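*Asks:* Pasting in a structure now, in structure tokens, and then I'll have a few things to ask.
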Amino acid sequence: ACGGGGSSTTAPEASAPAASSEVDTLKIANGVAIDTLDPAENAANESIWLDQNIYARLVQTDPAGTKVVPDLASSWDTSTDGLTWTFHLNPDAKFADGTAVTASDAAWSINRARALEGGWGFLITPVTSVTASDPQTVVIKLKTKHAPLLADLAMYAFGILPQKAVEADKDFFNKTPYGAGPFKVTKLDPDSQLVLTRNDSYWGPKPKISTVEVSVVTNDNTRVLQLQGGQVDVIENPPGNLLKQLSANPKLKVDLFPSTRVDFMQVPLKTKPFEDVRVRQAVKAALDLDAMNTLAYQGNATPANTFFPYKMLYWAESIQAPKPDLDKAKQLLSEAGYPNGFKTDLITVSGDAAGQAQAVVIKDDLAKVGIEVTIQSYEQSTAYTNERSGTNGLGLRYWTNDIIDPDEVATFGADIKGGANSFSSYWGDDATTKAINEARSETDENKRAELYTQVQQTVADQAPFIPLAYPPFRYASGAWVNGFQVSPLGNYNDSLLSLTVGTH
Amino acid sequence: MTALATELAATMRTPLLETRGLSKHYALQRSTRAWLRREPGEVLRAVDDVSLAVLPGRTLGVVGETGSGKSTLGRLVLRLERPSAGQVLLDGQDVASGGGAMSHRLRRDVQVVLQDPYTSLNPHETVGGALAEVLKVTGSVPAAGRPARVAELLDQVGFPSGWAGRKPGQLSGGGRQRVSIARALAVGPRLLVADEPVSALDVSVQAQVLNLFQRLQSELGLAYLFITHDLAVLERIADDVAVLYLGKVVEQGPAEALFASPAHPYTQALLAAAPKLGRRRSTTSAVAGELPNPITPPSGCTFHPRCPAAMAVCREVVPLTTTTATGQRVACHLYPGSTPGTEPPVRPPSTPASGAAAVSHPAPSPGGTR
Amino acid sequence: MTTLVDPAQLGDVRGLSRARWLRLPLPKVLRGRFSLVAGIVLLLAIAVLCIGAPLFTSASPLDIDPLNPLAPPSPEHPLGTDAFGRDLWARVLYGGRYDLAIAFGATIVTLVVGTALGMLAAYLGGWVESVVMRVVDLFFAFPFIVLVIAIVASLGPSLRNMFIALWVASWVGYARIAHGQTLAARRYGYVVAANVLGYSTPRVLLRHVLPSVAPLVIVFAMVDAVGNVLLGASLGFLGIGVRQPTPEWGSMISEGQAYILSNWQLSLVPGIALVVLGVAFSLLGDGLADVLRAEQ
Amino acid sequence: MSAATPALGQPGSRPDSTEQVGTPAAEEVVPAPADRREPGDVLLEVRDLRVSIPTAAGPVHAADGVTLTLRQGEVLGVVGETGSGKSVTCRALLGLRPTPRTEVSGTVAYPGLGVDDITGLPPRRLRRLWGRHVAMIPQNPMTSLDPVRRIGDQVAEALGDTVHGAAARRERVIELLRQVGLPAPERRLDAFPHQFSGGMLQRTLIAIAIAQNPAMLVADEPTTALDVLIQDQILGLLLSLQRDLGTSLVLVSHDLSVVSQVCDRVAVMYAGQVVELADTATLLSSPRHPYTRALIGALPGAVARDEPLRVIPGAPPPLVGLGPTCRFAARCELHEAACDEWPTELLPVGAPAGSPSPFRPALRLVSHQSRCRRAPDLATADAAPPTTPKDQGEQR
Amino acid sequence: MRNLGLSWTRLANLVPVLFGITLVSFVLIRLVPGDPATQILGNRYTPEAAEQIRSSLGLNDSILTQYGIFLRSVFSGSFGESYQYHRPVGEILLDRVGPSLLLVAVTAVLCTLISLPLGVLAAVRRGGALDQGTRVFFTLGYALPAFLIGIVLILVFGLKLGWFPIGGYGTGLGGHLYHLVLPAVTLAIPFSTVLVRSLRASTITVLESDFVTIARLKGISAWSVLARHVLRNAIAPVAVVFGVNLAFLVGGTVVIENVFSIPGMGSLLVGAVATRDYPVVQAVSLVLAVFVLAVNVLTDVVHRLLDPRLAVAVTR
Ligand SMILES: Nc1ncnc2c1ncn2[C@@H]1O[C@H](COP(=O)(O)OP(=O)(O)OP(=O)(O)O)[C@@H](O)[C@H]1O
Ligand SMILES: Nc1ncnc2c1ncn2[C@@H]1O[C@H](COP(=O)(O)OP(=O)(O)OP(=O)(O)O)[C@@H](O)[C@H]1O
Ligand SMILES: [Mg+2]
Ligand SMILES: [Mg+2]
Ligand code: NI
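Okay, here's the thing in structure tokens:
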């Protein structure tokens, strides 16, 4: 229940009746290649965010990331036991090839995503069936009540696909895939370029631009240079240190959007001395989250107080972010039997500038209480594999939400049985597990809030991992781009409907 | 007294080193196509059925043009390469079948002196160091006695022993050749294989080294297998001479007889072509034509395409070795007994020398030929 | 990204300008050899600056200063500070230690191993030669370094892993040179004589063949040392150089690369240091080639 | 002196060969003075030629005060040990320098060609001389032809503009190759040098040298790299070409036997200087320099087998920083204290100038010259030099 | 028809090398800790799901079976299916080969344009200003990391002067070439240092050789001597240097592809190792090797064409 506030948002509100765009192409430079455009299989954020421009879902999250609003389903009803959901499709909805979106397409698509091994089906485990009762009506049956159902269905993975076309061509997603979203793909070169073209069959408001060209430019500096040279209009992730310089340029602007990203430090609970909660608390007390914010994010992030994303649903504002207290840290360490500190490793992902900076600050902070840290950088895959065992020293990781409901983060982060071993800390607490399960099937908002606050507080006290920062999404764009907006979930499909590009 | 004399005579007859039917055939790489078609590979007969003997204390000179197989013969004798056929005998014993003891003996008894004075010594070792190394490795002299022995060796080759600390780079070609000889002497050999040891030296230095070779022979009783292309040198130093042509011995015999009346037309040509001081030359030459390709040697007598006395039989029949009246063993159809199955000889044995001379025989002294 | 093999560098000393003014009272080998003297002087200067770093700066290369990142030059920080407020001058000085370690450490191991393999292959011939030279071909044919880079990235950056990458990448050059030189040396009179004298294979190889193989290999090593430092820098650029927060020129350049638009000195200063080191080594290589050739 | 020489003294073979050569075209481009190939005329005049090569150890004086004349149709031999400066001197006659920074002084003039002095001329100006008037036959035929170009092209290149038209040039090339005794030349035009033996290469190089019928050929050890039999062939060929074309020939060799077989006159070089100069017979029969005597005595055939060879003790001095006095002094058996005071000069000794050459009566000899202070004593001494008892003279 | 030096023996010798490369890349990538399932699952990782994926990818089979399957896929040309892209690796390769190939080709052309005149002129005017200048320039070029050169080039020619695009690959052949100019220059600078030096040295050697003296003595002009005799002889050995160092060039493209955002093979390989996409790693290794070997064979052919002595020297 909060607006899109947070950090500075320099983009003006999209003026409703703006004339059509002067330049009808928007060029975006992303830092990461497209892994696939099959929504059920997507993993890379950048690709996920693009999916949402192509495939409409039954419902969607509003641009502020706070509530679920209609998409293909213009309305829905719930049975009184909360176990049967009926969705009524918009009769105007059409796929980009002009054929109508039918309930059986929708049911097929959701079932496809559910069935995919290693896919996102587990989120909606309580669902027993998804069927089309008539061409305009989708019926979803549950075995237990499931509060996050709508939020889950708004997720990209449950995008509605043209069943016939997908089934007819096994290379559908590698060529020029389309759905019922505002854009369709006209050129796909996963490692360098994606061209989105306006879908003229789209039932909703037509975008003012006709084409979006997304290029993949992995080198951070090269992206900035391309923006400075006017070769692109919007770039993802400009290096933090350049933000000041970029915003000083009247032709450019820096956009910081609130995100659901939470940076945290993983703690190897299975090993000495971290099995002792006092040691974990001492580490937490020694950290200077403000300094970290300054050096890693140029002050643009917010020090994290809980493991829930900043200002999202049920985020416990009341919990205090830790402040450096070296005396307390030293005292806790002595109590735990480590008055002179100890040595440990800190696993980081190489090439992640912010993470490296955080690591350097952590090393420096912990050195003050006698803990000697060796920074071990690995390429992402190895880093995560090493961290996952929970035995290889401290580690830096982050989380982002895919849905607006906190069920996902709570399950992964604090439920030892939730599949991710409480963010691989292997920390468990029966009360917390119970609270999370209750919250999932609880539909009363206040009760849910209470349960989630309890979970957040326990995690903050027990410190199985230590949340560090809430960084914003960083974009930079040319002053000639009007109305580029990113939702806290990272997608920008809503703004593409209304933004305009001027000559430059 | 008489018993000793006969024994002596017997040992004199046992050669120090002997080769019997020694051959070295280099197989040339076959093209893959030839290999696939199972065509036989080409073979270069660098040394072909060579039988020679070096007597103790005597010098066997080996002469021939480039590529005639002189160095290969030397390498075979030194067992730096395995023969394709034939044997090398040391004191009448086969080296190959003699096992480790035999090859050890070969390394002690037979040493080498090479042509290029600039690569024959390790440039990074001092003269004294190189000699001491030999003494150390062969274990013949205890460490304490080595400096004295080194000095002795250097003295023996006429190299100032005060220069033992010098490196080869500081020496002239002649100096290096002396050190090479001293190094070979350090093991106490009985035979030196010398592969063109004076070819790279200036006349004045060449004279010094030749004198040295001769003095060492008389002082130490060394035998030499002396390889060279220079007949003047050979005439001076050799007791016996073998003439090689395309891997085969075409003529061999006592040096004196061979130089006085060369039997084989090839030997005659070599002698005619060798420049002699003060002899005025004409515009004609001893022999026409080039050395044939050793991979595809001519049929019959391999010298026939260039031979001024070639006959029809030479093109077809390989001549056998026969002994001439003057005592050389020669493989040439001009001599009785060299053409298998044809007796009497095609020509009387006395004429061959004059036959060759008709082509070109040098006038003995300078005189106007134009 | 292996070191470029440059026969010219190995064989060419003709273009050297022998400075006439260089008539200082120097040991004989140094006299008149501008390249050699300049190379030694430069390398010594770098070594003194880096090893004696505490004498030239009081700042620590590791202490961060969150309040003072990316500061411009000041009396306190002669070259300013980096993104963590660390003193750039101190980092350059201390960082050189690692580069010298890389230049020597990585190079010496490949020099020894590669040379030994090449020599053995050429001298022993037969199947040993076939196997070794096939492997050499393999390493020459495939840009192994790319694979190794990727794999080291997975193993995690550290000086050790970087050494492994450098070793894997550059031993072949030595093996090739040593192989060729040994083949040639096998025909030298003194090597033939050593065989006839009945010397053992190790003795022939070490005492008689090695001295003629060494010069070219050593000159190549000078080139390779620069190549190794550069390769280290490339590893740093791909985020897999030495471990944070270790200062090492290559990784400093690549860290600074992120700031090249705002604080270019962060890359430029270690870049210049690297070039100076490279120039020192290539002068030394030229000079050594000159000396070794004169000795022959 | 030259006018006195009757042109008829030369046998008729020359017109013969020039006709084959297609002379009219060739004659036209040659400057007028060159036409007068009168045997006996002075073709080349070298005076006080000095060549100094800068090295790290100081300047090397590879030629130090060389004075020579060469007449039309004469064969001059140059002998000396390795490093005595034979090659540098002879190349300097063509205007070649061993390194770009080598300093050359003195005069090298071609009166017979109307060329005053070529020392110090840039290659650009020398090109007029090269090929047309002077040519060289190198020591090592294996390295003297461009390995990547066909034999025919390389010979054709040497024709300059004496022959025009592709077919004519081809004909001329074949003719030249036939002239030098290359078998089946028309089939070998497309061959590459590596397909030729050393002897065939040397023949090709001789063809290149005589392509424009030059007045002078410099042959720098043309047979040293070759086998005895081939050496014999090449020397015969050179002699017959020299005779047929009337070319002057400078023949360099380290082998006195070779030189004595072929040359009219011989210059003996030692340490960058000509120490004795005489016609061949005189030189061999009454050498007037101890070095020449020693050289003759050191030949393997000079003494009987059981006698040790006579050797020259020591080694030649390095050519750096030598003074004006005798350079052979340290190795000389006739050395006296007075020799160390006496700056050497090449002075006439013995037989008077102008007596006819025993080989070629048309040529008249210059005086016998020697650089030895004691040359007059040698005239009376026994022609054969005394023996040196020991062989242990090796010094450096 | 002249023998181009492409002897079957030579080609047959490449087979063990290629085989070795498949083996080495196959084993090496499997030695790296971390497994493909982790990558595929990402946040959704559970041990069970991972196990499921591993068995469906055949990673639980014996290593020999896996190698056999891989070899079969090589011969079928499909190279298997990428774990990450869910596409046949062959197809992915087809997309990526172009940029890399073009980059190397443009670089090679640039190298030639840079080194040929500089190397020869430096040798002809040895010790002159051009020689010294070339020397300094290339000492720097050799000692500077390529990525730094690349960034500076972008700053100057991309941003300041605006002559060339800042990264990217463009569309159409013209577009590709235009986009590849800066990256190719970046690669060409260090690569040329070697070529210039060896060309200079070989030119000097040729200039000092006997046959050049003989050619000059024919009385032909200095330019004719240079053009007819010196150039071809000097270039021949440099062709070998080029081939020997080709792996360097291909290795260098990894970094350059990153700086200039070119979707080539280098970045594909690095990415594939990072995601443990075994089929891609194996296929890219093989293709890169084939490419390098092919160019090496090509430089051999060029060398043989330039130097007739080698044309028949199949022996030995
Ligand atoms: N290792 C080898 N492989 C193949 N052929 C060889 C080998 N060694 C020598 N030959 C050939 O054998 C023949 C004889 O060579 P060898 O060196 O014995 O001749 P040589 O008489 O010593 O010649 P030179 O006077 O040039 O030293 C030559 O044709 C040579 O090419
Ligand atoms: N390029 C050079 N650089 C330095 N010194 C040289 C050079 N060329 C010749 N010399 C020196 O000049 C002297 C004369 O050399 P030259 O080649 O003329 O001797 P040579 O009589 O022809 O000897 P050889 O019989 O060995 O051919 C030698 O001492 C030699 O070292
Ligand atoms: Mg030989
Ligand atoms: Mg010479
Ligand atoms: Ni000789």
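Chains as they are written, first to last, in my numbering: chain A, 16 to 519; chain B, 2 to 371; chain C, 3 to 298; chain D, 3 to 398; chain E, 15 to 330. Even glycine gets a Cβ: it sits at the ideal position worked out from N, Cα and C. Keep in mind the model is a prediction, meaning the values are calculated, not measured.
(1) Touching or not, the region 189 to 204 of chain E and the region 70 to 89 of chain D, by the rule of three or more beta carbon pairs under 8 angstroms?
(2) Quick check: is any heavy atom of ligand 3 less than 7 angstroms from the C-beta of S72(B)?
(3) Assuming G120(C) and I179(C) are in contact, meaning their beta carbons sit under 8 angstroms apart, how far apart are those beta carbons, in whole angstroms?
(4) So, is the C-beta of N45(A) closer than 8 angstroms to a C-beta in chain E?
(5) Run through DSSP, which three-state label would Y246(B) get?
(6) Going by C-alpha distance, which of L45(E), F40(E), P30(E) and N27(E) is nearest T397(A)?
(7) Can a CB atom of chain E be found closer than 8 angstroms to the CB of L81(C)?
(8) Can you name the start and end residues of the beta strand (DSSP E) that P482(A) belongs to?
(9) In this structure, how does DSSP classify F499(A) when only helix, strand and coil are distinguished?
(10) Provide the residue(s) that pair with V388(A) in DSSP beta bridges, ordered along the chain.
(11) Can you check the region 264 to 348 of chain A for any alpha helix (DSSP H) of at least 4 residues that lies completely inside it and give the ranges in chain order?
(12) Is the beta carbon of P140(D) sitting closer than 8 angstroms to the one on I168(E)?
(13) Our contact map puts G408(A) next to L361(A) with C-beta atoms below 8 angstroms; I'd like the distance itself, whole angstroms only.
(14) Enumerate in chain order the residues of its own chain whose CB-to-CB distance from R152(D) is below 8 angstroms, with the five nearest sequence positions on each side excluded.
(15) Would you identify the three-state DSSP class for I120(D), choosing helix, strand or coil?
(16) Throw me the rounded Cβ distance for the G289(C) and L38(C) pair, which I believe falls under 8 angstroms.
(17) At a CB-CB cut-off below 8 angstroms, which residues of chain B make contact with M202(D)?
(18) Would a C-beta distance cut-off of 8 angstroms place V44(D) and P113(D) closer than the cut-off?
(19) List the whole-angstrom C-beta distance separating L302(E) from M279(E), where the pair is believed to meet the contact cut-off of C-beta under 8 angstroms.
(20) Name the chain E residues whose beta carbon is nearer than 9 angstroms to that of S284(C)?
(21) Measuring straight from C-alpha to C-alpha, what distance separates A48(A) and V231(A)?
(22) Where does H519(A) land, buried or exposed, given buried means 16+ other C-beta within 10 angstroms?
(23) Note down, in chain order, every chain C residue with its Cβ under 7 angstroms from the Cβ of I165(E).
(24) By the DSSP assignment, the alpha helix (DSSP H) with P85(A) in it spans what residues?
(25) With contact counted as at least three CB pairs below 8 angstroms, one residue from each stretch, are the region 114 to 127 of chain B and the region 171 to 184 of chain B in contact?
(26) Roughly how far, in whole angstroms, is the beta-carbon of K378(A) from the beta-carbon of V388(A), given that I think they are within contact range, below 8 angstroms?
(27) Check distances from the C-beta atoms of the region 108 to 119 of chain E to those of chain C and list, in chain order, the residues that come in under 8 angstroms.
(28) Among residues of its own chain, excluding the 5 on either side of P61(D), which ones have a beta-carbon nearer than 8 angstroms to its beta-carbon?
*Replies:* According to the structure shown:
(1) no
(2) yes
(3) 7 angstroms
(4) no
(5) strand
(6) L45(E)
(7) no
(8) F480 to Y485
(9) coil
(10) T359(A)
(11) 292 to 301 and 304 to 312
(12) no
(13) 6 angstroms
(14) L191, D192, A193 and F194
(15) coil
(16) 3 angstroms
(17) E291
(18) yes
(19) 6 angstroms
(20) T153, Y156 and A157
(21) 6 angstroms
(22) exposed
(23) Q259 and I262
(24) From DSSP, P85(A) is part of no alpha helix (DSSP H) but of the beta strand (DSSP E) over V83 to P85.
(25) yes
(26) 4 angstroms
(27) none
(28) S54, I55, E105 and V322
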